[in-house]
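Beneath this line is the structure, given in structure tokens, with notes to follow.
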Amino acid sequence: MEPRNFDGDADRPRPAGAKQTGRVLVIGPYLRLRSGSADAQSESHASSNQILRNAEARLDEAAGLARAIDLVVADAIIAPVSQIRPATYIGKGKVEEIAALAKSLDVELVVMDCALAPIQQRNLEKELNTKVLDRTGLILEIFGRRAKTKEGSLQVELAHLNYQRSRLVRSWTHLERQRGGFGFMGGPGETQIEADRRLIQERISKLEGELKKVQATRRLHRAGRQRVPYRVVALVGYTNAGKSTLFNRLTRADVQAADMLFATLDPTLRALSLPHGGKAMLSDTVGFISNLPTQLVAAFRATLEEVLEADVILHVRDISHEDAEAQQGDVDAVLRQLGINPDDSGRIIEVWNKIDRYDAEQREELLNIAARRPEDHPAMLVSAVSGEGIDALLAAIEERLAAKRTTLDLSIDAADGAGISWLHRNAEVLAKELHDGRFDMTVRVDETKRDIVVSRFDAVPHHAA
-5 MEPRNFDGDA
5 DRPRPAGAKQ
15 TGRVLVIGPY
25 LRLRSGSADA
35 QSESHASSNQ
45 ILRNAEARLD
55 EAAGLARAID
65 LVVADAIIAP
75 VSQIRPATYI
85 GKGKVEEIAA
95 LAKSLDVELV
105 VMDCALAPIQ
115 QRNLEKELNT
125 KVLDRTGLIL
135 EIFGRRAKTK
145 EGSLQVELAH
155 LNYQRSRLVR
165 SWTHLERQRG
175 GFGFMGGPGE
185 TQIEADRRLI
195 QERISKLEGE
205 LKKVQATRRL
215 HRAGRQRVPY
225 RVVALVGYTN
235 AGKSTLFNRL
245 TRADVQAADM
255 LFATLDPTLR
265 ALSLPHGGKA
275 MLSDTVGFIS
285 NLPTQLVAAF
295 RATLEEVLEA
305 DVILHVRDIS
315 HEDAEAQQGD
325 VDAVLRQLGI
335 NPDDSGRIIE
345 VWNKIDRYDA
355 EQREELLNIA
365 ARRPEDHPAM
375 LVSAVSGEGI
385 DALLAAIEER
395 LAAKRTTLDL
405 SIDAADGAGI
415 SWLHRNAEVL
425 AKELHDGRFD
435 MTVRVDETKR
445 DIVVSRFDAV
455 PHHAA
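Its first residue numbered -5, the sequence shown is counted upward by one per residue in our numbering.
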């Protein structure tokens, strides 16, 4: 078990005002499957995708998650596992090695980059003589600290309580909030498990009721947008793929964007101006990650409804990342959980972001790879930082949205100011020429407005010259 030190961790940039809250040892207990073994045969598709991931990249990501809540990563090591142990997940020998390392480094917390059963977590805490947090708990802790809106806080607390409800073999320890977030690293508390379970269930029921009200409000807002109507374009992607930076570039907004896992959580909607004057709503959503806790997927369904209802989905990928292909598989898996087909080329546009990190020769190679893709599954190469490729991306978005709209030709009296104004508000004006006191116009309209335009302006289907 070769230790891998993160000596440069203290020099990494941190958000202004961030506090370092403790030293942590990160363990990557990654399963080594033997061909034909029982473990290999029982692995799910999602887990198989994890096996394909680079172990070093997975460890880097786990350390990044710890740093995202301002923990100091004292050390991070890979602990290969040939067989998952029911009691402690890893073997006895590795437990002893980790215990000795944790003691020598004087860490306050050991993070296991895997999903631990409650009994495994409890046994490891006894053996290591320190608090232990698994991947799910760590992600929930990050979400607990980052959620700013009332809706986000409700969603995270619901996910946290559902996670905690399964772990009441332990004490109330992890339900304290004295350390911020949701207190997974908190101190001691009462141990009345049945009372705890009842209180948790009561709180869950209350949160679910409040979230139903949030969902109802969102439906009203969505119905209002549909009456305008504005098409919705949603950004999805692996966390830190550059979604928020791209969102700012496309909408000229100032949403927080940082080189950090889960820099933003709360959903944001802004108007998106299309090349021919049309408008759409662009939605920035929470980033996905490998092994995203099912509690969070369920809790954030209200937020992710913007993705479910979107006319076009931009799958933003950090094409420069060494695990870009595995990250794509993780995002596709979450989309499937939400009932979205990731292969729906009519709805999903793949965006290869961060091409500014490549030199001219590497970029040319990327362009050649993109050019060889099937016509119905193109890839848009962009840099959200420099703006390269943004115009082509906007044109592709407009083209996808236009596929669901009707193009009409009409002639309107130039004196009909109200009619011209209505057309500009309710349609995309593609062409407009003045001839003998009348405007000859070509407009593109939503299906819900087609009959109105046809009857009011004697419009006819557009025929290209």
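Idealized CB from N, CA, C, for every residue including glycine. If you're wondering where the values come from, they're calculated on a predicted model, not measured in any experiment.
Worksheet item: Going straight from the alpha carbon of V227 to that of E303, what length do you get?
Response: Rounded to the nearest angstrom, the two C-alpha atoms are 9 Å apart.
Fill in: Cβ shell of A373 (< 7 Å), same chain only, five flanking positions each side left out
E344, W346, A364 and R367, listed in sequence order.
Worksheet item: Just curious, the alpha helix (DSSP H) that I136 is in, first and last residue?
Response: Taken as a continuous stretch (DSSP letters only), the alpha helix (DSSP H) holding I136 covers R129 to R140.
Discussion item. Buried or exposed for P23, going by 16 or more other Cβ atoms inside 10 Å?
Written reply: Buried: at least 16 other Cβ atoms inside 10 Å.
Worksheet entry | Neighbourhood of V328 by C-beta distance below 7 Å, restricted to the same chain and skipping five residues each side | Within the same chain, F282, L286 and V291 come within 7 Å of V328 by CB-CB distance, once the 5 residues on both sides are set aside.
Discussion item. Short of 7 Å in beta carbon distance, which residues of its chain neighbour T279, apart from the five on each side in sequence? Order them along the chain.
Written reply: The beta carbon of T279 lies closer than 7 Å to those of A228, L229, V230, P261, T297, L298, E300 and V301 in the same chain, with the five residues before and after it left out.
Discussion item. Please list the terminal residues of the continuous alpha helix (DSSP H) segment that includes L154.
Written reply: According to the sequence displayed, residue 154 carries His and not Leu. Per DSSP, H154 belongs to the alpha helix (DSSP H) from K144 to R159.
Worksheet item: Terminal residues of the continuous beta strand (DSSP E) containing S405?
Response: Start and end: R399 to D407.
Fill in: Where S380 sits in the DSSP three-state scheme
Under the three-state reduction of DSSP, S380 is assigned to coil, being neither helix nor strand.
Practice prompt. Would you mind sorting V101 into buried or exposed? The rule is 16 or more other CB atoms within 10 Å of its CB.
Written response: Classification for V101: buried.
Discussion item. Does the region 86 to 105 come into contact with the region 114 to 132, if we say contact requires no fewer than three beta-carbon pairs (one atom in each stretch) closer than 8 Å?
Written reply: The answer is yes - the region 114 to 132 touches the region 86 to 105, with three or more Cβ pairs under 8 Å.
Worksheet item: Is the distance from the Cβ of T245 to the Cβ of L276 below 7 Å?
Response: Contact: yes.
Worksheet item: In terms of residue numbering, what span does the beta strand (DSSP E) encompassing A274 cover?
Response: Looking at the DSSP string, the run of the beta strand (DSSP E) that includes A274 is K273 to D278.
Worksheet entry | Beta carbon of L417 nearer than 7 Å to that of T436 | L417 places its beta carbon 7 Å or farther from that of T436.
Worksheet item: alpha helix (DSSP H) containing L99: first to last residue?
Response: DSSP places L99 inside the alpha helix (DSSP H), whose first and last residues are K86 to L99.
Discussion item. To the nearest angstrom, how far is the alpha carbon of V66 from that of I21?
Written reply: Here the alpha carbon of V66 sits roughly 14 Å from the alpha carbon of I21.
Item to complete: Using 10 angstroms around the beta-carbon of D385, count the other beta-carbons present and answer buried if the total reaches 16, otherwise exposed.
Response: Around the C-beta of D385, fewer than 16 other C-beta atoms lie within 10 Å, and the residue is accordingly described as exposed.
Fill in: Residue closest to L404, alpha-carbon to alpha-carbon, out of D350, R432, P269 and G411
Nearest neighbour of L404 by Cα position, chosen from D350, R432, P269 and G411, turns out to be R432.
Worksheet item: Is any heavy atom of the ligand NAP found at a distance shorter than 6 Å from the C-beta of Q149?
Response: With respect to the ligand NAP, the structure shown offers nothing to examine, as it has no ligands at all.
Fill in: Short Cβ contact (7 Å threshold) for L375 with G383
Taking 7 Å as the Cβ cut-off, L375 and G383 qualify as a contacting pair.
Item to complete: Pick out the complete alpha helix (DSSP H) segments inside the region 278 to 355, 4 residues or longer, and give them in chain order.
Response: Correct list: 288 to 293, 295 to 303 and 318 to 331.
Discussion item. Using 7 Å as the threshold, is the C-beta distance between K97 and A73 below it?
Written reply: Between K97 and A73, the CB-CB gap reaches or exceeds 7 Å.
Worksheet item: Which one or two residues does DSSP pair with G231 in a beta bridge?
Response: G231 is bridged to V310.
Worksheet entry | Beta-carbon separation (whole angstroms), D312 vs A318, contact threshold 8 Å | With a Cβ gap of about 6 Å, D312 and A318 count as contacting.
Fill in: Proximity to E71 [Cα-Cα], best of E91, K86, R61 and Q77
The question names Glu, yet the displayed sequence has Ile at residue 71. Considering only alpha carbons, the answer is E91.
Fill in: Rounded separation between P269 and L388 - CA only
Cα-Cα distance, rounded: 7 Å.
Practice prompt. Pull up the CB-CB distance for V208 and E135, whole angstroms please, since I reckon it's below 8 Å.
Written response: In this structure, V208 and E135 do not form a Cβ contact; the two beta carbons are roughly 23 Å apart against a cut-off of 8 Å.
Worksheet item: Are D371 and S339 close, meaning C-beta to C-beta below 7 Å?
Response: The sequence shown places His at residue 371, not Asp. Yes, they are a contact pair.
Discussion item. Just to confirm the assignment, what range does the alpha helix (DSSP H) spanning L417 have?
Written reply: Element bounds for L417: G411 to N420.
Worksheet item: Where does P455 sit, in a helix, a strand or coil, going by DSSP?
Response: Secondary structure at P455: strand, using DSSP grouped into helix, strand and coil.
Fill in: Three-state secondary structure assigned by DSSP to A425
Here A425 sits in strand by DSSP.
Fill in: Short Cβ contact (7 Å threshold) for A49 with R17
Here A49 is not near R17, since their CB atoms are 7 Å or more apart.
Worksheet item: Which value, in whole angstroms, describes the spacing of the CA atoms of T400 and L214?
Response: One alpha carbon belongs to T400, the other to L214, and they sit about 26 Å apart.
Worksheet item: Which residue or residues does DSSP assign as beta-bridge partners of V66?
Response: V66 pairs with R17.
Worksheet item: What whole-angstrom Cβ distance do R357 and S314 have, given they're in contact under 8 Å?
Response: Taking C-beta atoms under 8 Å as the contact rule, R357 and S314 fail to qualify, at a distance of about 11 Å.
Discussion item. Less than 7 Å between the beta carbons of V439 and A421, yes or no?
Written reply: Yes; because the gap between Cβ atoms is below 7 Å, this pair is in contact.
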